[in-house]
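Below you'll find the structure, written out as structure tokens, and then a few comments.
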Amino acid sequence: MRQRGRSSQRNQFSRLQHNRRQQRLLAVRRRLRTCPILYCRTHILTCHRNLNSAIVTIAVGPEQRLFAAHEDVLCKSTFFAIQCRQQFFETNGKRVDLPNESPEVFSAILEYLYKGDYTPKVEFDKKHNSWFLDETPSATGSSESIVHAADGTAILKDTVIYCSAHRYGLVELQRLALKKQGLQSGVQCSTILSSARYAYANTPASDSKLRAHYLALIIRSRNTFKRSGTMQMEMERGGTALFFDLFVAM
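Numbering (the numbering used here), first residue to last: 577 to 826.
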């Protein structure tokens with residue numbers, strides 16, 4: 577009888593503790609609904625720390641299209657950190673000129689600096705255990721995959737972003753741009769070759785990522801390139817490191 581009584585007391589005590597925990601949990605949830613800032617205070621404090629810094633003006637391209645960015649955000653890049661440091665005593669506000677940069681590409685880089693990604697975003701498909709690019713109409717921002725050089729040559733936007741990220745010291749952005757290039761499909765042979773030439777012209781010889789990506793892509797699709805006639809035209813020009821590497825690799 578005593579054992580049964582003690583067991584009953586223990587059960588009552590457990591239920592009481594459970595009820596108290598539930599009440600505390602409900603109280604916390606009510607508090608969060610009325611004051612959501614408590615729930616995300618760490619994120620908000622981080623944002624405030626970045627977004628309270630000085631505004632830097634960036635003039636991009638030959639037409640000097642103007643962009644504005646917070647200095648703390650911009651200085652995630654070693655290139656821009658040096659530029660801002662050199663203007664430490666500037667009284668009229670800091671300004672960086674990028675006459676050789678594409679406004680479209682810089683817009684994507686700025687989006688990455690603020691959000692950690694750029695349009696189109698990389699998404700993961702749990703069902704098929706694979707990555708894909710979110711190119712749905714509802715996705716915000718420009719998702720054009722091609723940019724045009726001054727002479728009108730079509731170049732993959734991710735390739736230009738990779739090369740710009742190299743100049744600006746944004747290693748993680750380089751990795752992201754390379755990953756997105758691997759998810760592209762249906763790209764014309766002429767665009768692949770012009771993008772490969774751009775990659776070779778704007779990366780150091782020590783680059784083992786983007787150059788290798790294009791070599792593997794061209795070799796894997798060499799029959800398609802032969803049929804297109806584009807490869808023959810490019811090889812007749814000759815004299816580039818790209819075709820030397822292709823010759824060695826094949």
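Yeah, the Cβ is synthetic: ideal placement off N, Cα and C, and Gly gets one too.
In this structure, what does DSSP give as the bridge partners for residue i?
i, result
"F643", "I634"
"V649", "The partner list for V649 (beta bridge, DSSP) is empty, contrary to what the question assumes."
"I731", "V723"
"V672", "I634"
How would you call residue i, buried or exposed, if buried means at least 16 neighbouring beta carbons within 10 angstroms?
i, result
"Q540", "Given a span of 577 to 826 for the chain in the structure shown, any question on residue 540 remains unanswerable."
"R609", "Note on R609: pLDDT 43, under 50, position unreliable in the model; no value is reported."
"R796", "exposed"
"S714", "Residue placement at S714 cannot be trusted, given a pLDDT of 43 that sits under 50; the coordinates are not used to answer."
"H724", "exposed"
"R591", "exposed"
"T779", "buried"
"A684", "buried"
"F656", "buried"
Can you tell which of the options has the C-alpha that lies nearest to the C-alpha of residue i?
i, options, result
"E687", "T654, V649, V736", "V649"
"D701", "T695, Y694, L709", "L709"
"T800", "A753, L769, I731, R661", "L769"
"L689", "E748, A792, R787, A788", "E748"
"A817", "K785, A781, I794", "A781"
Would residue i and residue j be called neighbours here (beta carbons separated by less than 8 Å)?
i, j, result
"E677", "S721", "no"
"Y744", "A772", "no"
"D783", "Q757", "no"
"A645", "I634", "yes"
"Y776", "R787", "yes"
"V698", "V672", "no"
"P679", "R641", "yes"
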